[in-house]
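I have placed the structure first, in the form of structure tokens, so that the comments after it can refer back to it.
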Amino acid sequence: MIGRPPASIAMIPGLLFAMVNAVAQQTSAPVEAAARALIEEKTQGFPGEVTIEISPLDPGNLLPPCPAPIAFLPKPARAWGTFSVGVRCESPVTWTVYLQARVKVVGDYLVVARPLPIGKILGPADLEYRHGDIAALPSDVLTDASQAAGRPTRLVLAQGTPLQARMLRIPEAVRQGNKVTVFSRGRAFQVSNTGRALNSAAPGETVRVRLPNNQIIIGTALYDGTIEINP
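Heads up: take any position in the sequence shown, counting from 1, add 19, and you land on our numbering.
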């Protein structure tokens, strides 16, 4: 007849369960700290007061602890508005996670001071500043009058309209035949690729780009020469 096991033996399954659950896992603080440090670096020099919000790492994650997590941004992402920031571990194990971040940039930006016709050469009386979250506005909004003064308008502009580069005739940001970076982004992602511009364009104008697989896509030229893919 088999008797009941001693209490010490009966406790072994419970001890094993406790040991498994006691295995160390990655805590959120160092991951968030790495992400925040990178964003602070990338937002230096932004035209306004910068506020950074980062979503915490899932407390139920099964990641082994990392002594030195490394943060990165999917290129050519910029730390602006809502975006994803990646954090990876390279040793003693490798893993990568993505946190959602939001950057608010509260400062001054340009708006149209009075109704303007097409072809109007902009002067001081045509512009005024507003204060608000620049990161919530279109990516090519202008923040300095020197960016607009002396430029002709490309379309009719209503009073109070935030002034964007695409609304003015500005020197080309993209030249036909040049290699360019194209990207598309959503609320929590950004995907990038490279291609060759099939036409020249100023910021805000349409660009046709041929990708390495010969697919042709259409996007909008930005001030820095990158192409944002139209939805």
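The C-beta atom is built at its ideal place from N, Cα and C for all residues, glycine as well.
Just to confirm the assignment, what range does the beta strand (DSSP E) spanning residue i have?
i	result
residue 73	68-73
residue 120	114-131
residue 149	146-152
residue 331	The structure shown has nothing for residue 331, since the chain only spans 20 to 250.
Hey, would you say residue i sits closer than 8 Å to residue j, going by beta carbons?
i	j	result
residue 217	residue 199	no
residue 148	residue 181	no
residue 152	residue 124	yes
residue 175	residue 246	no
residue 100	residue 154	yes
residue 248	residue 203	yes
residue 118	residue 92	no
residue 168	residue 222	no
If you compare alpha carbons, which of the options is closest to residue i?
i	options	result
residue 82	66, 50 and 91	50
residue 172	178, 160 and 186	186
residue 164	140, 134 and 46	140
residue 238	214, 59 and 91	214
residue 210	166, 102, 114 and 222	102
residue 84	60, 137, 117 and 113	113
residue 240	233, 190 and 232	190
residue 64	195, 132, 162 and 79	162
residue 197	226, 188 and 118	226
residue 67	97, 79 and 126	126
residue 90	80, 79, 111 and 59	59
With DSSP as the reference, label residue i as helix, strand or coil.
i	result
residue 228	strand
residue 175	coil
residue 237	strand
residue 245	coil
residue 110	coil
residue 166	helix
residue 215	strand
residue 143	helix
residue 220	strand
residue 40	Note that residue 40 scores a pLDDT of 43, beneath 50, so its modelled location is shaky; the value from the coordinates is reported in the next line. The answer is helix: DSSP assigns residue 40 an H, G or I state.
residue 207	With a pLDDT of 49 at residue 207, under the threshold of 50, the modelled position of this residue cannot be trusted; read the value that follows with caution. It is coil, neither helix nor strand.
Check for me: the alpha helix (DSSP H) holding residue i runs from which residue to which?
i	result
residue 47	47-61
Any 3 or more C-beta pairs closer than 8 Å across the stretch 109-124 and the stretch 71-81: Yes: at least three Cβ pairs fall under 8 Å.
How about the stretch 49-66 and the stretch 104-112: do they share at least three Cβ pairs that are nearer than 8 Å? Yes, the stretch 49-66 touches the stretch 104-112.
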